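Protein chains in written order, with my numbering: chain A, 1 to 425; chain F, 426 to 850.
For reference, the structure is listed below as structure tokens.
Number of protein chains: 2
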Amino acid sequence: MSNLVAPHGGKGLVCALLHGNELEAEQEKAAGLKKVQVSDRAKGDLIMMGIGGFSPLAGFMNKADWKGVCETFQMEDGTFWPVPITLDVDKADADAINIGDEITLESNGTVMATMKVSEKFEMSEADKKWECEKVFMGEGEESVDGKFWEIAPEDHPGVIMVMAQKGVNIAGTVKVMSQGEYPDEYPGVYLTPAETRAMFEERGWSKVAALQLRNPMHRSHEYLCKIAVEVCDGVMIHSLIGNLKPGDIPADTRVKAIEILIENYFVKDNVINAGYPLDMRYAGPREGLLHATFRQNYGVNNMLIGRDHAGVGDFYGLFEAQDIFDRIPKTGDDAKDLLCEPMKIDWTFYCHKCDGMASLRTCNHDKESRVILSGTKLRKALSDGAEIVDHFGREEVLDHLKLYYAGLTEKVEVKMQGAASGDSM
Amino acid sequence: MSNLVAPHGGKGLVCALLHGNELEAEQEKAAGLKKVQVSDRAKGDLIMMGIGGFSPLAGFMNKADWKGVCETFQMEDGTFWPVPITLDVDKADADAINIGDEITLESNGTVMATMKVSEKFEMSEADKKWECEKVFMGEGEESVDGKFWEIAPEDHPGVIMVMAQKGVNIAGTVKVMSQGEYPDEYPGVYLTPAETRAMFEERGWSKVAALQLRNPMHRSHEYLCKIAVEVCDGVMIHSLIGNLKPGDIPADTRVKAIEILIENYFVKDNVINAGYPLDMRYAGPREGLLHATFRQNYGVNNMLIGRDHAGVGDFYGLFEAQDIFDRIPKTGDDAKDLLCEPMKIDWTFYCHKCDGMASLRTCNHDKESRVILSGTKLRKALSDGAEIVDHFGREEVLDHLKLYYAGLTEKVEVKMQGAASGDSM
Numbered sequence: 001m002s003n004l005v006a007p008h009g010g011k012g013l014v015c016a017l018l019h020g021n022e023l024e025a026e027q028e029k030a031a032g033l034k035k036v037q038v039s040d041r042a043k044g045d046l047i048m049m050g051i052g053g054f055s056p057l058a059g060f061m062n063k064a065d066w067k068g069v070c071e072t073f074q075m076e077d078g079t080f081w082p083v084p085i086t087l088d089v090d091k092a093d094a095d096a097i098n099i100g101d102e103i104t105l106e107s108n109g110t111v112m113a114t115m116k117v118s119e120k121f122e123m124s125e126a127d128k129k130w131e132c133e134k135v136f137m138g139e140g141e142e143s144v145d146g147k148f149w150e151i152a153p154e155d156h157p158g159v160i161m162v163m164a165q166k167g168v169n170i171a172g173t174v175k176v177m178s179q180g181e182y183p184d185e186y187p188g189v190y191l192t193p194a195e196t197r198a199m200f201e202e203r204g205w206s207k208v209a210a211l212q213l214r215n216p217m218h219r220s221h222e223y224l225c226k227i228a229v230e231v232c233d234g235v236m237i238h239s240l241i242g243n244l245k246p247g248d249i250p251a252d253t254r255v256k257a258i259e260i261l262i263e264n265y266f267v268k269d270n271v272i273n274a275g276y277p278l279d280m281r282y283a284g285p286r287e288g289l290l291h292a293t294f295r296q297n298y299g300v301n302n303m304l305i306g307r308d309h310a311g312v313g314d315f316y317g318l319f320e321a322q323d324i325f326d327r328i329p330k331t332g333d334d335a336k337d338l339l340c341e342p343m344k345i346d347w348t349f350y351c352h353k354c355d356g357m358a359s360l361r362t363c364n365h366d367k368e369s370r371v372i373l374s375g376t377k378l379r380k381a382l383s384d385g386a387e388i389v390d391h392f393g394r395e396e397v398l399d400h401l402k403l404y405y406a407g408l409t410e411k412v413e414v415k416m417q418g419a420a421s422g423d424s425m
Numbered sequence: 426m427s428n429l430v431a432p433h434g435g436k437g438l439v440c441a442l443l444h445g446n447e448l449e450a451e452q453e454k455a456a457g458l459k460k461v462q463v464s465d466r467a468k469g470d471l472i473m474m475g476i477g478g479f480s481p482l483a484g485f486m487n488k489a490d491w492k493g494v495c496e497t498f499q500m501e502d503g504t505f506w507p508v509p510i511t512l513d514v515d516k517a518d519a520d521a522i523n524i525g526d527e528i529t530l531e532s533n534g535t536v537m538a539t540m541k542v543s544e545k546f547e548m549s550e551a552d553k554k555w556e557c558e559k560v561f562m563g564e565g566e567e568s569v570d571g572k573f574w575e576i577a578p579e580d581h582p583g584v585i586m587v588m589a590q591k592g593v594n595i596a597g598t599v600k601v602m603s604q605g606e607y608p609d610e611y612p613g614v615y616l617t618p619a620e621t622r623a624m625f626e627e628r629g630w631s632k633v634a635a636l637q638l639r640n641p642m643h644r645s646h647e648y649l650c651k652i653a654v655e656v657c658d659g660v661m662i663h664s665l666i667g668n669l670k671p672g673d674i675p676a677d678t679r680v681k682a683i684e685i686l687i688e689n690y691f692v693k694d695n696v697i698n699a700g701y702p703l704d705m706r707y708a709g710p711r712e713g714l715l716h717a718t719f720r721q722n723y724g725v726n727n728m729l730i731g732r733d734h735a736g737v738g739d740f741y742g743l744f745e746a747q748d749i750f751d752r753i754p755k756t757g758d759d760a761k762d763l764l765c766e767p768m769k770i771d772w773t774f775y776c777h778k779c780d781g782m783a784s785l786r787t788c789n790h791d792k793e794s795r796v797i798l799s800g801t802k803l804r805k806a807l808s809d810g811a812e813i814v815d816h817f818g819r820e821e822v823l824d825h826l827k828l829y830y831a832g833l834t835e836k837v838e839v840k841m842q843g844a845a846s847g848d849s850m
């Protein structure tokens with residue numbers, strides 16, 4: 001009997017990934033089915049469905065689930081889910097697919113899955129706009145001073161992504177045949193929920209925290225983790241290793257930086273360095289909820305949520321991703337509700353008068369005493385080759401990041417070339 | 426409807442303190458009753474029964490409750506309680522009291538309470554020894570290498586206190602008529618459970634931590650509090666303001682030091698400086714449980730338990746007061762179980778390589794990098810007039826404590842004279 005939090009949805013880990021003979025048979029069958037190309041986002045979703053990261057989802061959402069999720073954070077059966085997990089195809093493809101058909105889903109030439117189509121529903125511009133408002137608009141009209149639609153179509157990457165979706169969503173259960181490049185590219189770091197749960201249990205953990213990371217880990221992230229280590233059994237530093245926006249620091253550089261940080265500044269037994277195969281959805285506060293939802297499947301029951309968690313430009317208040325946890329529905333049924341709780345931490349910094357790390361909740365000193373830490377500042381300083389101020393980060397980690405910026409390692413250099421300059425979200 | 430943890434025992438705050446006409450009538454009656462002198466310990470217990478700090482206790486324990494508490498941490502009805510709350514009288518007094526009698530309980534000439542005696546039970550030397558073994562012996566024979574009875578009668582103040590008890594325990598409900606000197610001597614600091622609950626609610630707190638203090642607050646205590654502030658709504662720094670052993674630093678000096686610390690290093694909204702009217706029982710790990718039990722009545726649901734909490738000499742392992750929380754009975758009935766949970770923190774220190782406070786759970790550096798903080802070391806340095814090492818404490822607080830040691834303030838000096846030199850537990 002496990003002491004870990006149960007996977008979300010009350011059905012255990014729902015894993016659509018095929019193995020062995022089943023996989024071979026499905027691969028053979030898939031070759032003869034109609035092929036549909038899916039987005040990078042959908043590829044990540046499929047892998048998560050494969051390994052149980054999206055339990056209890058067994059496939060892409062139908063219209064009722066999509067609508068419920070957008071409107072009330074709940075699928076049709078009342079199960080909590082924070083963002084739509086849908087698959088868009090163009091009208092021509094949709095017309096060629098009949099309800100009940102099996103089709104093959106491909107990503108960049110790789111057969112990812114088959115899907116038994118149970119429903120098709122059109123997504124008009126108005127539908128997409130409605131989804132964007134529900135999912136991305138934050139705390140109602142307050143968001144971006146009510147100018148959401150003036151700004152979002154150009155500046156909100158989540159909105160841009162949804163508005164660019166094709167005209168029809170298709171729903172249905174999937175059988176997943178690939179975990180993409182992740183097992184090969186991130187051995188020991190790309191871990192499935194079953195694997196992280198086994199690791200937690202082996203270590204005797206039951207109160208497990210997770211830190212979400214998509215940027216290089218700086219001193220504030222370390223402080224969040226260390227607070228968690230003080231009061232939980234352990235923490236999983238869980239990096240996004242899916243696709244990035246141009247200008248972001250590639251996952252292998254980030255993951256290596258975390259390894260260096262752990263080696264030099266953590267008690268190894270209390271921390272796990274892992275990655276998950278999703279792209280950012282740029283859904284703001286709702287993405288914070290998604291982070292907690294899939295972390296529950298990984299065995300985590302305390303999701304660290306700091307300042308501007310999953311922030312997108314200036315679209316959200318700095319602590320909206322914390323507040324939203326207080327507004328989600330609670331049915332009282334553990335099989336339906338989100339069980340992974342937020343561990344909310346205020347704005348953190350180094351304070352000379354405190355003589356250590358602190359937050360707005362613990363430090364009453366003047367601004368001049370504080371060294372404000374932010375990923376944006378860090379990336380800018382690194383990219384300009386500027387001096388990093390004292391207490392900002394750990395020397396060993398900064399040295400590694402500087403190497404990346406200097407383009408001194410071959411693998412890093414290749415990735416760097418692929419990443420055009422752009423914003424650093 | 427309060428969001429705070431319910432008082433222990435499922436009966437709300439059970440307060441035996443009389444007011445107004447009821448009080449006057451009882452005082453008149455008390456003057457005509459048989460008088461029994463009670464110990465300082467019992468005086469504190471009576472005040473706690475008065476203000477609801479010992480809810481659901483309505484009086485001193487009978488034999489069944491005493492036995493259950495010693496043996497299984499439970500009163501006869503299954504309600505959790507960690508240490509006996511009993512009243513001892515000598516045989517002559519006991520013989521002069523009949524079951525059903527009302528008597529008056531006095532402490533140093535002050536009428537504290539009346540009591541309706543419902544039971545008398547003899548406490549032979551063997552009974553007292555049995556109580557000591559159950560309550561004070563820690564983790565069985567392991568305690569002090571199995572030499573408990575060789576050492577305890579001389580060195581364990583809790584054992585000394587119980588073995589010196591008079592020969593008969595009397596049980597019964599009480600009506601409390603005084604809160605002693607506390608309201609006058611510690612205005613704004615001596616707070617009743619009803620008062621702290623009102624303060625927590627006014628501040629919107631529901632997840633409330635408490636720090637137990639009987640020694641001057643140093644940097645490790647501050648770190649524990651600040652961890653709690655990061656993850657809870659607020660923390661109550663709760664000092665013992667009852668009687669002290671010779672050599673201990675008086676409560677007013679300690680409380681003032683906390684005030685100075687809060688003023689200079691805390692966000693005032695997130696912390697409350699309060700005191701409670703008990704003497705130490707020197708019960709080791711079981712006293713840690715008592716701290717959590719009565720804190721629940723004050724509205725606290727997270728009891729900070731650090732290294733050597735409520736330690737007594739070398740009688741207990743450094744983390745026995747944490748481990749014991751895993752060994753207490755859980756009936757599943759919230760009205761019977763302890764609901765205040767331990768917030769266990771490892772050995773903490775300042776670490777030069779971490780560049781801040783850390784613990785054995787978060788720091789992997791060598792001993793040479795660490796500044797070990799301990800109250801014993803602090804008191805010794807202060808008392809010797811030695812230099813305090815960097816990072817050990819806060820200058821403003823140390824300056825205040827140095828004043829006390831220099832005997833420069835009148836009030837402090839008076840108390841100092843009353844406190845003979847001795848050990849510094």
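Note that CB positions come from ideal geometry on N, CA and C, so glycine has one too.
It should be emphasised that the depicted structure is a prediction, and the values quoted were computed from it without experimental measurement.
Under the DSSP assignment, Met540 of chain F falls in the beta strand (DSSP E) whose first and last residues are 535-547. Taking 9 Å as the upper bound on Cβ-Cβ separation, chain F lies near residues Met343, Lys344, Ile345, Asp346, Thr348, Tyr350, Lys353, Cys354, Asp355, Gly356, Met357, Ala358, Ser359, Leu360, Arg361, Thr362, Cys363, Asn364, His365 of the region 342-373 of chain A. For the region 741-760 of chain F, there are no residues whose beta carbon sits under 8 Å from a beta carbon of chain A. For the region 165-234 of chain A, the full-length beta strand (DSSP E) segments reaching 3 residues or more read 168-176, 208-213 along the chain.
Think of a sphere of 7 Å around the beta carbon of Val814 of chain F: no beta carbon from chain A falls inside it, the nearest being about 13 Å out. Interface criterion met: the Cβ of Asn264 of chain A is under 9 Å from a Cβ in chain F. Listed in chain order, the positions of the region 638-670 of chain F with a beta carbon within less than 8 Å of a beta carbon of chain A are Lys651, Ile652, Val654, Glu655, Val656.
In terms of Cβ geometry, Pro216 of chain A and Ile249 of chain A form a close pair [threshold 9 Å]. Remark: C-beta atoms of Met177 of chain A and Ala358 of chain A do not approach each other more closely than 9 Å. Residue ranges of uninterrupted alpha helix (DSSP H) with 4 or more members, entirely inside the region 310-338 of chain A and ordered along the chain, are 320-323.
Per DSSP, Phe573 of chain F is one residue of the alpha helix (DSSP H) stretching across 573-580. Of all C-beta pairs linking the region 601-621 of chain F to the region 533-543 of chain F, three or more are shorter than 8 Å, placing the two stretches in contact.
DSSP links Phe60 of chain A through a beta bridge to A:Gly172. Chain F places no beta carbon closer than 9 Å to that of Asn301 of chain A, leaving this residue out of the contacts. Tyr276 of chain A: member of the beta strand (DSSP E) spanning 271-276, first to last residue.
Pairing Gly78 of chain A with Phe148 of chain A, the inter-Cα distance amounts to about 29 Å. Among the residues facing chain F, Val208 of chain A is not included, as its CB has no counterpart in that chain under 9 Å away. Scanning its chain for C-beta atoms nearer than 6 Å, with the 5 sequence neighbours on each side dropped, one finds around Gly53 of chain A the residues Pro193, Phe294, Asn297, in chain order.
Judged by beta-carbon spacing, Asn270 of chain A lies beyond the 9 Å limit of Glu259 of chain A, meaning their Cβ atoms are not closer than that value. Runs of alpha helix (DSSP H) with 4 or more residues, each lying fully within the region 76-106 of chain A, are found at 91-96, listed in chain order.
For the pair Val312 of chain A and Ala283 of chain A, the CB atoms are nearer than the 9 Å cut-off. Val117 of chain A is outside the set of residues whose beta carbon lies under 9 Å from a beta carbon in chain F.
A distance of 9 Å or more separates the beta carbons of Met705 of chain F and Met768 of chain F. For the region 662-732 of chain F, the continuous alpha helix (DSSP H) assignments of 4+ residues that do not extend past its boundaries occur at 676-690, 710-723, in sequence order. Distance from the CA atom of Tyr829 of chain F to the CA atom of Thr678 of chain F, rounded to whole angstroms, is 7 Å. Here Thr331 of chain A has Gly78, Asp337 as same chain residues with Cβ atoms under 7 Å from its own Cβ, once five neighbours each way along the sequence are excluded. Within the same chain, and ignoring the five residues on either side of Leu443 of chain F in sequence, the residues whose Cβ sits closer than 8 Å to its Cβ are Glu451, Lys600, Val601, Met602.
DSSP links Ser39 of chain A through a beta bridge to no other residue.
By alpha-carbon distance to Glu287 of chain A, the top candidate from A:Val267, A:Asp308, A:Gly275 is A:Asp308.
Counted as a single uninterrupted DSSP element, the alpha helix (DSSP H) harbouring Arg379 of chain A occupies residues 375-384. The Cβ-Cβ distance between Gln165 of chain A and Asp88 of chain A falls below 9 Å. At a cut-off of 9 Å between beta-carbon atoms, Val397 of chain A makes no contact with chain F. Listed by position along chain F, the residues whose Cβ is nearer than 7 Å to that of Asn270 of chain A are Arg786. Ranked by how close their Cα comes to the Cα of Gly667 of chain F, the residues F:Ser532, F:Val439, F:Tyr607, F:Glu531 have F:Tyr607 in first place.
Gly393 of chain A and Arg214 of chain A do not touch by the CB rule: their CB atoms are close to 17 Å apart, not below 8 Å. Val267 of chain A belongs to the set of residues whose beta carbon lies under 9 Å from a beta carbon in chain F.
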